[in-house]
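Numbering (our numbering), first residue to last: 4 to 344.
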């Protein structure tokens, strides 16, 4: 049971916060400006991550497959924007502990406007330790709309420092992320199949490939990650650690994890023939820090698949490794549900 807690004065979100002890369950965070998803924004994102989904890149093919006169907006860009919008709660983030129940509810096309709301659901004080300042975990519910209609829903759980010397005493049950030992990476393929548009002509994306469940494919194309502040700027990401090296525990700017995920999605689209979109995440663990200039490699494991809307929905585990010294280290362990012919 959470303690009685006096709400901060209306609008009391300091420019250098909010801090953990200034939040409370039920609180709505101020909304960031909505973003109209035009071709310029999509081109910048493509330059940053190497986006190559056919329905994002090819207006004619997108019209034939989906019936939309405008190209699809990359699911990676949508999530980067949505998460960037939610950093009104996590400017001072120490770590993002998990994402949960990520669902891309419907396709979003160029010309639509994305807006995001953020609400505190639960809070839990971290166990005090003498070697670090007090901190706590904040579970927030996030919803993005496209032209006013629900488009993305999920929960995320940042850890934040307190402004004052004392913890407020919250002890809510915040749960955890998706189970990493789940056979399809925390993804219910049968339920998520309902998110695949029934009227898409997925057969126009080519013949189904023969990738077998349980096998892993390593992408031979490695890539450097650079120009990393740009993604933060275009997605309104306010987290200090992505802008200011002095705010980072590594004394180096941390790369936005959504840029790593975007490059991983681009890699998966090179491996997964005819990949159309992503409709859900299972878990997304940023297992190590990423810095400007890191060389990244990717490997993908097919965990399972079901039929969906004339094509297939596939659960894939995608891993990224950073090669910056003699001892490469894993930096991303992510499961997602991808739509293919």
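Ideal placement from N, C-alpha and C gives every residue a C-beta, glycine not left out.
A direct Cα-to-Cα measurement between residue 73 and residue 130 gives close to 50 Å. Residue pairing from DSSP places residue 227 in a beta bridge opposite 298. Uninterrupted alpha helix (DSSP H) stretches at least 4 residues long and entirely within the stretch 228 to 262 occur at 231 to 237, given in chain order.
If you check the CB distance, residue 342 and residue 216 do not come in under 7 Å. In the structure shown, residue 100 adopts extended strand secondary structure according to DSSP, grouped into three states. In this structure the stretch 104 to 115 does not touch the stretch 244 to 263; the number of beta carbon pairs closer than 8 Å is below three. For the 7 Å CB-CB criterion, residue 87 and residue 231 do not form a contact.
Under the 8 Å Cβ criterion, the stretch 185 to 196 does not count as touching the stretch 267 to 275, having fewer than three qualifying pairs. Rounded to whole angstroms, the Cβ separation of residue 119 and residue 93 is 13 Å, and the two are not in contact under 8 Å. If you check the CB distance, residue 325 and residue 299 come in under 7 Å. The continuous stretches of beta strand (DSSP E) do not include residue 82, which lies in the alpha helix (DSSP H) extending over residues 78 to 88. Counted as a single uninterrupted DSSP element, the stretch harbouring residue 69 is not any beta strand (DSSP E) but the alpha helix (DSSP H) occupying residues 62 to 69. Rounded to whole angstroms, the separation of the alpha carbons of residue 96 and residue 243 is 8 Å. Apart from sequence neighbours up to five positions away, the residues of its chain that approach residue 277 with a beta-carbon distance below 6 Å are 208, 209, 343 and 344, ordered along the chain. Rounded to the nearest whole angstrom, the CA to CA distance from residue 315 to residue 20 is 44 Å. Contact holds between the stretch 279 to 294 and the stretch 327 to 337, because three or more Cβ pairs, one in each stretch, are under 8 Å apart. Counting every other CB atom within 10 Å of its CB across the protein chains shown gives residue 179 a total below 16, marking it as exposed. Per DSSP, reduced to three states, the secondary structure at residue 50 is helical. With a contact defined as Cβ atoms closer than 8 Å, residue 292 and residue 257 qualify at about 6 Å.
With a cutoff of 7 Å on beta-carbon distance, residue 281 and residue 78 are scored as near each other. At a Cβ-Cβ threshold of 7 Å, residue 141 and residue 26 count as neighbours.
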